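84 is the number of the first residue of the sequence shown in my numbering; add one for each residue after it. No residue lacks a Cβ here, since even glycine has one placed at the ideal position from N, Cα and C. Just so it is clear, the structure is predicted and the values come from calculations on it, not from any experiment.
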Amino acid sequence: MSIRSISFGATIVACACAALMVLFAIPADAAVVEVSMTARQWEFEPSTVTVEEGDVVTMTILSEDVDHGFFLNAFGVDSSLRAGTTTTVSFTADTAGTYSFSCNVFCGAGHGSMSGTLVVTDVAEEVVDEEEVDKKEEEEEIDSAAPVISGVSISNIQQTSAQIHFTANEASFGQIEYGINPGVYVAATPLAENTSTSHSGVLTGLSAGTTYYYRAKAHDATGNYGFSTESTFATEAIPEPEVSVIETSVDSTEAIEISTTDEGVSVEEEREADVRTEEDENVEVVEEIAPTMAEPEEPLVTVGTDIINELSETAVEDESALHSTGTVLAIVMGIIALIVIVGIYVVRMNARS
Ligand SMILES: [Cu+2]
């Protein structure tokens, strides 16, 4: 057995022992980290390697150009990197810190600056940091702040509806609650499907001319509810017919009160029956009102006929209408008389011939 073969066998045994030692040295939770690196004039790429404390690091290093060396003193690594070949080095990064590695085989003019950095991070520190981060995240997730409502305004107030607008300081679901008694909200607008900071809702089914009390309500995704203060508004009233009143004093004891409305004319009289004479000043007032009833656009005869019909069907309350009817009747009677006279004349002429 030659010296060469003895040394070869010894190398194999040493390697096996080293491998076993490495295996047993690996903590149960240690990770195996593989790093590929290239060495060339005059740099290592990557020049910075970061692993965690306790990691078993295996570096596969290709020497691209000439012979280089890989010297990592902190973890006892000292390997030759032959030109054009790949060399594997292994070590356990068992102590946190920042370490430098360098080329320890002269490789040319820039050899002195051919180095890199190994960063071994403190796992315990990282865990603490992660816990803090988790806590912060949880705190952020637990949102206990209710939406703050502002800018409540109302628009488009109708007899049975009104629109409310408001804003919230965070994305939220908005509603408006309302009722006819303060603090008692018996109705609410539909809940919005999506969160928003700008809200509006239409209050429906309201009663005309009624005061309503309402408040804006918004809740965020966590379920925190925010409310506005209570506000009020009154719905539009149903418009009453316009009324104008004319009062005329006849003397100290008698008066006529005439009210005109959109629908027609009604006359209320408070006076003695004999006041209604041709000479009476009151008649002038009555005659001023009469044309409103007579609908002057229509032919006079038609109006007269209509009025005759109305007179025959209903009790006549309006003295002015009667006055006009008398004139029309006289004209109609005159025409009929004329027709009769002409008719008699024609009959006689026919009898002679
Ligand atoms: Cu070198």
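### Task
Could you name the residues that DSSP lists as bridge partners for methionine 120?
Taking the first residue of the sequence shown as position 1, residue 120 is located at position 37. DSSP, once it has assigned bridges, lists Ile144 as partnering methionine 120.
### Task
Please say whether leucine 286 and serine 244 have beta carbons closer to each other than 9 Å?
One-based indexing of the sequence shown puts residue 244 at position 161. One-based indexing of the sequence shown puts residue 286 at position 203. Cβ distance < 9 Å, so serine 244 and leucine 286 count as in contact.
### Message
So, under 8 Å CB-CB, glutamate 319 and isoleucine 240 are touching, yes? Tell me the CB distance rounded to an integer number of Å.
### Response
Translated into positions along the sequence shown, residue 319 becomes position 236. Translated into positions along the sequence shown, residue 240 becomes position 157. So it is a contact: roughly 6 Å between Cβ atoms.
### Message
Is the beta carbon of tyrosine 261 closer than 9 Å to that of tyrosine 308?
### Response
Reading the sequence shown from its first residue, position 225 is the one you call residue 308. Reading the sequence shown from its first residue, position 178 is the one you call residue 261. No, these two residues do not count as a Cβ contact at 9 Å.
### Query
Three-state secondary structure (DSSP) at threonine 318?
In the sequence shown, the residue the question calls residue 318 occupies position 235. Reduced to three states, the DSSP call for threonine 318 is coil.
### Message
Are there any heavy atoms of ligand 1 lying less than 8 Å away from the beta-carbon of glycine 167, as far as the coordinates show?
### Response
In the sequence shown, the residue the question calls residue 167 occupies position 84. Distances from the CB of glycine 167 to the heavy atoms of ligand 1 are all 8 Å or more.
### Query
Sorted by chain position, which residues of the same chain lie with C-beta nearer than 7 Å to serine 227's C-beta, five sequence neighbours on each side aside?
What you label residue 227 is simply residue 144 of the sequence shown in a count that begins at 1. Excluding positions up to five away in sequence, the list reads Asn307.
### Query
Using a Cβ-Cβ cut-off of 8 Å (strictly less than) and excluding sequence neighbours within five positions of glycine 159, which residues of its own chain qualify?
By one-based count along the sequence shown, residue 159 stands at place 76. Leaving aside the five residues that flank glycine 159 on each side, the residues in its chain whose CB is nearer than 8 Å to its CB run, in chain order, Phe174.
### Task
Using beta-carbon positions only, say whether threonine 169 and phenylalanine 184 come within less than 9 Å of one another.
To locate residue 169, count along the sequence shown from 1; it is residue 86. To locate residue 184, count along the sequence shown from 1; it is residue 101. Result no, Cβ atoms of threonine 169 and phenylalanine 184 do not sit closer than 9 Å.
### Task
Classify asparagine 239 as helix, strand or coil using the three-state DSSP reduction.
Here residue 239 is taken as the residue at index 156 of the sequence shown, counted from 1. Coil, per DSSP.
### Query
Less than 8 Å between the CB of glycine 152 and some heavy atom of ligand 1, yes or no?
The residue you call residue 152 lines up with position 69 of the sequence shown. For glycine 152, the Cβ falls inside the 8 Å cut-off from some heavy atom of ligand 1.
### CA-to-CA distance, serine 283 to phenylalanine 249, given in whole angstroms
Within the sequence shown, residue 249 is the residue found at index 166, counting from 1. Within the sequence shown, residue 283 is the residue found at index 200, counting from 1. Their backbone Cα atoms lie some 6 Å apart in a straight line.
### Query
Out of curiosity, what's the CA-to-CA distance linking valine 425 and alanine 434?
By 1-based counting over the sequence shown, the position of residue 425 is 342. By 1-based counting over the sequence shown, the position of residue 434 is 351. Going by the C-alpha atoms only, they are around 14 Å apart.
### Task
Taking only beta-carbon positions, decide if threonine 312 is within less than 9 Å of chain D.
Absent here is chain D; the protein component of the structure consists of one chain.
### Message
I'd like to confirm something about asparagine 187: is its beta-carbon nearer than 8 Å to some heavy atom of ligand 1, or not?
### Response
As a working mapping, residue 187 is identified with position 104 in the sequence shown. Yes, ligand 1 has a heavy atom inside 8 Å of this Cβ.
### Task
Counting only the same chain and skipping the five closest in sequence on each side, list residues whose C-beta sits under 7 Å from that of glutamate 206.
Translated into the one-based positions of the sequence shown, residue 206 becomes position 123. The residue you asked about is not glutamate; residue 206 is valine in the sequence shown. Cβ neighbours of valine 206 within its own chain (closer than 7 Å, five residues either side excluded): Glu135, Glu136 and Gly137.
### Query
Taking 8 Å as the cut-off, does the CB of glycine 191 come closer than this to any heavy atom belonging to ligand 1?
Your numbering for residue 191 matches position 108 in the sequence shown. Yes, the beta carbon of glycine 191 sits closer than 8 Å to at least one heavy atom of ligand 1.
### Message
Helix, strand or coil, according to DSSP, for alanine 275 in the structure here?
### Response
Locating residue 275 in the sequence shown gives position 192, counting from the first residue. Here alanine 275 sits in coil by DSSP.
### Task
Could you tell me whether any non-hydrogen atom of ligand 1 is closer than 8 Å to the CB of methionine 120?
On the sequence shown, position 37 is the one that residue 120 refers to. Short note on methionine 120: C-beta not closer than 8 Å to any heavy atom of ligand 1.
#### Entry: Proximity test, methionine 197 beta-carbon vs ligand 1 heavy atom, cut-off 8 Å
What you label residue 197 is simply residue 114 of the sequence shown in a count that begins at 1. For ligand 1, at least one heavy atom lies less than 8 Å from the Cβ of methionine 197.
#### Entry: Closest by C-alpha distance to valine 140, when choosing among Ser314, Leu155 and Leu164
Here residue 140 corresponds to residue number 57 of the sequence shown, with the count starting at 1. By alpha-carbon distance to valine 140, the top candidate from Ser314, Leu155 and Leu164 is Leu155.
### Message
What does the alpha-carbon distance come out to for the pair alanine 317 and threonine 293?
### Response
For this step, residue 317 is matched to residue 234 along the sequence shown. For this step, residue 293 is matched to residue 210 along the sequence shown. Looking at the two C-alpha atoms, the distance is approximately 5 Å.
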